[in-house]
Amino acid sequence: MTVYRVKAANSLRQELNTAPLLLMTDFKLPFKLYIDESGDWMGSALYQIQIINEKPVEGPICFISSQIKPTDYRYGASQIECLFLFWALEKLNYFLEGCVFEVIIYFTTVKSLLNMKTPNRHILRWKRAIQEYRGNITIVHKDGNIHKNAYLIRRWSLTNSIDNPAYVPEQASPQIPIEGISVKDLNTTFFEEVRNSYTQDKNCNILCQLLKEDCKDHSLILALD
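Start counting the sequence shown at 1; every next residue gets the next number (the UniProt record's numbering).
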């Protein structure tokens with residue numbers, strides 16, 4: 001990467017984000033969503049075809065990008081492509097919900113994964129989310145050379161931080177409570193220690209006495225804390 005290329009990329013990015021060149025959203029018109037990815041980055045460009053000076057012009061509505069989270073590397077290559085589509089739809093939902101739009105992707109595995117009869121839990125979750133746009137979404141595969149708009153955005157993607165509008169927070173693994181423990185083949189010493197431990201606690205000791213069949217002093221219950 002040369003200094004000239006860096007300056008050219010920064011200049012192009014600035015031009016793409018200049019306010020006068022971004023079209024005013026017309027929710028009566030269909031959208032075109034370009035998605036691109038490359039290993040560590042993902043980018044998306046949302047476009048519309050509007051009539052400007054009596055001519056149809058395809059112009060940008062917005063651009064989003066992000067770096068892939070470390071936890072996403074556990075997915076296979078084909079699953080990551082589905083994840084990118086899910087990510088773009090989720091982040092641009094306020095534009096796309098209730099509108100007709102076309103998704104332009106260069107990878108071909110998304111359609112086959114979404115049509116799987118027995119998907120895994122990750123694909124199933126993404127599939128259900130994408131089905132919310134059923135009837136309005138059309139997925140089209142085209143060669144990667146036409147993705148230069150989304151390509152630049154993902155090459156110069158923002159970090160996955162709270163300053164990024166496309167920020168995706170890391171989700172900690174849920175804590176699963178232990179409902180019960182089953183043990184076996186323990187020696188008598190272990191059980192003896194367990195029984196002795198009950199006598200060391202006042203409440204446990206009283207409860208053990210009350211639970212005995214020959215217990216006649218039921219007033220012990222009043223001594224419980």
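The beta carbon of each residue, even a glycine, is placed where N, CA and C say it ideally should be.
Keep in mind it's a predicted model, so treat the numbers as computed, not measured.
Scanning the segment 60-110 for uninterrupted beta strand (DSSP E) segments of 3 residues or longer gives 101-105, listed from N- to C-terminal end. Where isoleucine 221 is concerned, there is no enclosing beta strand (DSSP E), because DSSP gives it neither an H nor an E. Between the alpha carbons of glutamate 132 and leucine 124 lies a gap of roughly 13 Å. Residue state for tyrosine 133 is assigned as coil, using DSSP reduced to three classes. Residue environment analysis places valine 103 among the buried positions, since at least 16 neighbouring C-beta atoms fall within 10 angstroms of its C-beta. For leucine 16, the enclosing alpha helix (DSSP H) stretches over residues 3-16. Distance from the CA of isoleucine 64 to the CA of cysteine 99, rounded to the nearest whole angstrom, comes to 19 Å.
Within 10 angstroms of the beta-carbon of serine 66 lie 16 or more other beta-carbons, which makes it buried. Counting only residues of its own chain and dropping the five nearest sequence neighbours on each side, leucine 114 has a CB closer than 6 Å to the CB of Lys127. The C-alpha of tyrosine 106 lies about 27 Å from the C-alpha of isoleucine 51. In the DSSP assignment, glutamine 50 falls within the beta strand (DSSP E) that extends over 41-52.
The beta carbon of leucine 224 sits closer than 7 Å to those of Asn203, Ile206, all from its chain and outside the five residues before and after it, given in chain order.
Here aspartate 36 is bridged, per DSSP, to Gly43.
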